[in-house]
Amino acid sequence: MADDQLFDVSNQVVLVSGGSRGIGKALARGFAARGAQVVISGREAETLKVTAEEISVGSHPVQSVVCDVAEASQIEAAVQQVIAECGQIDTLLNVAGVNIRKPALDFTPEQFDFVLDINLRGAFLMAQHVGRHLVSRGTGSVINIDSLNSHSPLTNVTPYAMSKCGLNGMTQALAREWGPAGVRVNGLAPGFILTDLTQQLWSDPTMLEWGRFNTPMGRLGQPEDLVGTALFLASPAAAFLTGQTIYVDGGLISGRNWPIPGDGGQPR
């Protein structure tokens, strides 16, 4: 394979759940800019329409389909619509997700279900419906958007961390099931990323400094920082890569920052 085709995604049909804003929007834009036929899904038709128009490039305008991943019937209908209109799906970017920040002791059953229904159940059902199509074709890729919380959970996001740990396990389990059929399943786990949903959190100067201090690269990430890894995972360059989760986090999970200055090498 020529080098110029190694990272080529220009012939792919890519479905991006949660593609109307934040990380999903950045990933959709990145694939569209490189010639992929992109379909974004989300709950709000008008927001999807505006985003699709904004990120469309070239001869393949970005399309959209309304889908609430908390509703199983909507997932099935959306996947079938994309296949009917585009002829196939080559890559699923499983991005849709939510978070509620509060102590575990204060979560209601309804709040717990809300987080798990979207982040884990919805991601599974989306992968399942797209997976049936991919397995029948004997090719394709699923990329689950994970989180640093599947490796090192933060405080006061227990249901969210649980959902991402489950997603990590799903990535590995589906990779084993679908690998023999030629379908790859991988994860992409962001660190601290500045998005519309996290803007209020990181607008606190103390939080922003804490995030920078604990990230070895000294800054928070942008959604665009995730595009290159997603393109790699979807491309022929990752043809022998499955069941893996890549942490794109500026080094965050590599350890803990040690705030005590050096002491000149004196033994203690």
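For what it's worth, numbering that gives the first Met the number 0 labels the leading residue of the sequence shown as 0, then goes sequentially. Here a beta-carbon is modelled for each residue, glycine too, at the ideal position from N, C-alpha and C. Please read these numbers as outputs of a predicted model, since none were measured by experiment.
According to DSSP, residues forming a beta bridge with residue i
i	result
H128	DSSP, once it has assigned bridges, lists no residue as partnering H128.
H59	V56
L92	V15 and I142
S40	S16 and V64
V184	V141
V247	P189
G220	I192
Residues near residue i in its chain [Cβ-Cβ closer than 8 angstroms; skip 5 each side]
i	result
H132	V78, I82, Q87, I88 and G139
D195	R20 and G21
L268	Residue numbering for the chain in the displayed model covers 0 to 267; residue 268 lies beyond these limits and cannot be assessed.
D248	L147, A188, P189, G190, F191, T214 and G220
Start-to-end residues for the alpha helix (DSSP H) that takes in residue i
i	result
T228	V226 to A233
R28	G21 to A32
G178	Taken as a continuous stretch (DSSP letters only), G178 belongs to no alpha helix (DSSP H), as it is neither H nor E.
V81	A71 to C85
Cβ neighbours of residue i in the same chain (closer than 7 angstroms, five flanking residues each side left out)
i	result
V94	V15, S16, G17, G18, I22, G23, L26 and I144
K101	N155
N167	D145, S149, G186 and T244
G137	A180 and G181
S55	A31 and V61
G178	T241
G165	L119
V226	A25, L26 and G29
DSSP three-state assignment for residue i, whether helix, strand or coil
i	result
I119	Contrary to the premise, residue 119 reads as Leu rather than Ile in this sequence. DSSP places L119 in helix when its eight states are reduced to three.
D203	coil
S253	helix
A51	helix
D7	coil
K101	coil
F239	coil
P258	coil
P215	coil
N148	helix
T157	helix
A294	There is simply no residue 294 to check, as the chain begins at 0 and stops at 267 in what is shown.
M0	The pLDDT assigned to M0 is 47, lower than 50, so where the model puts this residue is not dependable, and the model offers no usable value.
Contact set for residue i: own chain, Cβ-Cβ below 6 angstroms, skip 5 residues either direction
i	result
G242	Q171 and A174
V129	V78, I88 and L91
T157	A103
### Task
State whether the segment 49 to 67 contacts the segment 11 to 20, with contact taken as three or more CB pairs (one from each stretch) at a distance under 8 angstroms.
Touching, per the Cβ criterion.
### Any 3 or more C-beta pairs closer than 8 angstroms across the segment 196 to 207 and the segment 105 to 117
In short, these stretches do not touch, since the Cβ pair count stays below three.
### Given 8 angstroms, three or more beta-carbon pairs between the segment 56 to 64 and the segment 23 to 41
Taking a contact to require three or more Cβ pairs closer than 8 angstroms, the segment 56 to 64 and the segment 23 to 41 qualify as touching.
### Query
If you pair each beta-carbon of the segment 167 to 183 with each one of the segment 205 to 222, do three or more pairs fall below 8 angstroms?
no
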